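>
In the numbering used here, the protein residues as written are 884 to 1289.
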């Protein structure tokens, strides 16, 4: 803690402040590695703080192709840093040099999500060894290490909530905040401001001098890939009720369910909305979604759907009318040869995204609108977004905002 006259400035591990000397404005650099299950990327931010308010400036996003997720190094932990992180640092080196930014002004933090959560549950020693390799690589690269850890799903939801509201410029006096529903491949997050600070899923966030109680709950296993895997196990690989019919044999002859390991190939489909919805409702019931996610403030909150929520609404052409998702699915996914006659033309091809569009869309509908086991949201209180004021939402920016305020 440094005292300058009557002002007190607290320096955290990521804030490298200018000498006080009466200055009211500070600048700091933070590089955040989003270490996801399928790969890692690094975001470089510049935080400008003045008069109790923080502005986060996006400087660079680096996402090299072919970079494996940290959890994939379970059997070769010593290479997690050199192979999984070093390429990111090399690209960061080049950016900093080109923009005349000194390394010693940049803190590097590595925050892992669902893949490492699963590894920490199944093989804690391997997870610790991976992080040890990462720390050594960062130090060897001449950077200061900030936090290097696995964040909880609730943390991820909180940071996404902070970012969405930051981009909407909601952190101002007398402005209501939005809630978020975020669906990834392995997990789903719901977060919104609540008046019940004692709720078991409520966390505190201090932003621009205001303290918020945020209900943030995460469901590991309710990402759309994991949910689709569970659905296939329950429904089978033939005449699956969540896949469209393809009896005429138009390519693809079978559907790539894209569930990772183990891989599933759906040989044939017989889509029926009610039957598919029942399978997903049963899955949601096992996670107790509604009882865990609904607290004071929920009914008055407008929600923003991001990640796979946006893609489902967009791909089915219902961004402006989310409540029409059921009708669109029932109309296009059901019937003889629905795949070749209706789904593939509307989805624009035969990619794995198009092949799974009926299953994914039904899952997103069940999660968002299911009145008993889902969130039970009215369509009019949900907006799907890919960009907000020209910026793509990312939880890493929300993390930088919250950390800069600490």
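All C-beta atoms in this analysis are idealised placements derived from N, C-alpha and C, irrespective of residue type, glycine included.
It should be emphasised that the depicted structure is a prediction, and the values quoted were computed from it without experimental measurement.
What is the DSSP secondary structure of residue 1273, reduced to helix, strand or coil?
Within the chain shown, residue 1273 is the residue found at index 390, counting from 1. Looking at residue 1273 - three-state DSSP - the assignment turns out to be coil, as it is neither helix nor strand.
> In chain order, what residues of the same chain lie with their CB nearer than 6 angstroms to the CB of residue 1027, ignoring the 5 residues before and after it?
As a working note, residue 1027 is residue 144 in the chain shown. Cβ within range, chain order: 990.
> Compare the Cα-Cα distances from residue 1087 to each of 1038, 1058, 1062 and 1052 and report the closest residue.
The residue given as residue 1087 occupies position 204 in the chain shown. The candidate whose alpha carbon is nearest that of residue 1087 is 1038.
> Write down the C-beta distance between residue 952 and residue 920 rounded to the nearest angstrom, noting that I regard them as a contact closer than 8 angstroms.
The count along the chain shown starts at 1 and reaches residue 952 at position 69. The count along the chain shown starts at 1 and reaches residue 920 at position 37. Sure, about 5 angstroms apart at Cβ, within 8 angstroms.
> Measure the Cβ-Cβ separation of residue 998 and residue 1101 and say whether it is below 8 angstroms.
To locate residue 998, count along the chain shown from 1; it is residue 115. To locate residue 1101, count along the chain shown from 1; it is residue 218. Cβ distance not < 8 angstroms, so residue 998 and residue 1101 don't count as in contact.
> For residue 941, which residues does DSSP report across the bridge?
For this step, residue 941 is matched to residue 58 along the chain shown. According to DSSP, residue 941 bridges with 928.
> The alpha helix (DSSP H) with residue 1017 in it runs from where to where?
Numbered from 1 along the chain shown, position 134 holds the residue referred to as residue 1017. Start and end: 1007-1023.
> When DSSP labels each residue in this structure, what does residue 1117 get in the three-state scheme?
Walking along the chain shown from the start, residue 1117 turns up at place 234. Reduced to three states, the DSSP call for residue 1117 is helix.
> Here's a check: name, in chain order, each residue in its chain whose Cβ is nearer than 8 angstroms to the Cβ of residue 1075, leaving out the five neighbours to either side.
In the chain shown, residue 1075 corresponds to position 192, counting from 1. Counting only Cβ-Cβ distances below 8 angstroms, and skipping sequence neighbours, we find 1044, 1060, 1061, 1062, 1063, 1097, 1098, 1180, 1181, 1184 and 1186.
> Unbroken beta strand (DSSP E) runs of length 3 or more, entirely within the segment 1168-1249: which are they?
The qualifying runs are 1186-1190.
> Going by DSSP, name the residue or residues bridged to residue 1164.
The count along the chain shown starts at 1 and reaches residue 1164 at position 281. DSSP lists no partner for residue 1164.
> Go ahead and label residue 1112 buried or exposed: buried means 16 or more other beta carbons lie within 10 angstroms of its beta carbon, across all protein chains shown.
Your numbering for residue 1112 matches position 229 in the chain shown. So residue 1112 ends up on the buried side.
> Which one of 1238, 967 and 1204 has the shortest CA to CA distance from residue 1126?
Taking the first residue of the chain shown as position 1, residue 1126 is located at position 243. Ranking the options by Cα distance to residue 1126, first place goes to 1238.
> Buried or exposed for residue 1191, please, with buried defined as at least 16 other CB atoms from any protein chain shown within 10 angstroms of its CB.
If you number the chain shown from 1, residue 1191 lands on position 308. Burial call: buried.
> With DSSP run on the structure shown, which of helix, strand or coil describes residue 1279?
By 1-based counting over the chain shown, the position of residue 1279 is 396. Note: residue 1279 maps to helix in three-state DSSP.
> To the nearest angstrom, how far is the alpha carbon of residue 1056 from that of residue 1193?
Within the chain shown, numbered from 1, the residue matching residue 1056 stands at position 173. Within the chain shown, numbered from 1, the residue matching residue 1193 stands at position 310. Taking the straight line joining both Cα atoms gives about 29 angstroms.
> Measure the CB-CB distance between residue 1283 and residue 1031 and report whether it falls below 8 angstroms.
Your numbering for residue 1283 matches position 400 in the chain shown. Your numbering for residue 1031 matches position 148 in the chain shown. Result no, Cβ atoms of residue 1283 and residue 1031 do not sit closer than 8 angstroms.
> If we count the other Cβ atoms within 10 Å of its Cβ and call it buried at 16 or more, is residue 1204 buried or exposed?
Along the chain shown, read from residue 1 onward, the residue named residue 1204 stands at position 321. By the neighbour-count rule (16 or more Cβ atoms within 10 Å), residue 1204 is not buried but exposed.
> Can you find the residues in the same chain that come closer than 7 angstroms, C-beta to C-beta, to residue 906, ignoring five residues on each side of it along the sequence?
Within the chain shown, numbered from 1, the residue matching residue 906 stands at position 23. Interpretation of residue 906 is limited by its pLDDT of 45, a score under 50 that renders its predicted location unreliable; the figure taken from the coordinates is listed afterwards. Nothing meets the Cβ criterion.
> With contact counted as at least three CB pairs below 8 angstroms, one residue from each stretch, are the segment 1254-1261 and the segment 1161-1178 in contact?
Contact holds: three or more Cβ-Cβ distances are below 8 angstroms.
> As a quick exercise: from 1094, 1072 and 1227, pick the residue whose alpha carbon is nearest that of residue 1128.
Numbered from its first residue, the chain shown carries residue 1128 at position 245. Checking every option, the nearest Cα to that of residue 1128 belongs to 1227.
> Specify the secondary structure class of residue 1027 as computed by DSSP and reduced to three states.
In the chain shown, counting from the first residue as 1, residue 1027 sits at position 144. Strand at residue 1027.
> Considering Cα atoms alone, identify which of 975, 1024 and 1011 is closest to residue 843.
As displayed, the chain neither begins before 884 nor continues past 1289, which places residue 843 out of reach and without an answer.
> Should residue 948 be flagged as near chain B, meaning a C-beta pair shorter than 8 angstroms?
In the structure shown, chain B does not exist; there is a single protein chain.
> Are the Cβ atoms of residue 1066 and residue 1040 separated by less than 8 angstroms?
For the purposes of this step, residue 1066 is taken as residue 183 along the chain shown, with counting starting at 1. For the purposes of this step, residue 1040 is taken as residue 157 along the chain shown, with counting starting at 1. Contact flag unset, no.
> Go ahead and pull the three-state DSSP assignment for residue 1059.
Translated into the one-based positions of the chain shown, residue 1059 becomes position 176. Of the three classes helix, strand and coil, the one that applies to residue 1059 here is coil, per DSSP.
> How long is the line joining the alpha carbons of residue 1049 and residue 1281, rounded to whole angstroms?
Indexing the chain shown from 1 puts residue 1049 at position 166. Indexing the chain shown from 1 puts residue 1281 at position 398. Each residue's alpha carbon lies about 8 angstroms from the other.
> Write down the C-beta distance between residue 1154 and residue 1240 rounded to the nearest angstrom, noting that I regard them as a contact closer than 8 angstroms.
Counting from 1 along the chain shown, the entry for residue 1154 is found at position 271. Counting from 1 along the chain shown, the entry for residue 1240 is found at position 357. At roughly 11 angstroms, the Cβ-Cβ gap does not stay under 8 angstroms, so residue 1154 and residue 1240 are not in contact.
> Using the C-alpha atoms, what's the distance from residue 1123 back to residue 1117?
On the chain shown, residue 1117 is found 234 positions in, with the first residue counted as 1. On the chain shown, residue 1123 is found 240 positions in, with the first residue counted as 1. When rounded, the distance between both Cα atoms is 10 angstroms.
> Is the beta carbon of residue 1033 sitting closer than 8 angstroms to the one on residue 995?
As a first step, residue 1033 must be located in the chain shown, where it is residue number 150. As a first step, residue 995 must be located in the chain shown, where it is residue number 112. The answer is yes: Cβ separation under 8 angstroms.
> May I have the straight-line CA-CA distance separating residue 1267 from residue 1168, to the nearest angstrom?
Here residue 1267 corresponds to residue number 384 of the chain shown, with the count starting at 1. Here residue 1168 corresponds to residue number 285 of the chain shown, with the count starting at 1. About 24 angstroms.
> Would you mind working out which of 1202, 1262, 1269 and 1137 sits nearest residue 1223, comparing C-alpha positions?
Here residue 1223 corresponds to residue number 340 of the chain shown, with the count starting at 1. For residue 1223, the nearest C-alpha among the options comes from 1137.
> Output the boundary residues of the beta strand (DSSP E) element that contains residue 992.
By one-based count along the chain shown, residue 992 stands at place 109. Note, residue 992: beta strand (DSSP E), 989-995.
> Just to confirm, are residue 968 and residue 915 a CB contact at a threshold of 8 angstroms?
Taking the first residue of the chain shown as position 1, residue 968 is located at position 85. Taking the first residue of the chain shown as position 1, residue 915 is located at position 32. Result no, Cβ atoms of residue 968 and residue 915 do not sit closer than 8 angstroms.
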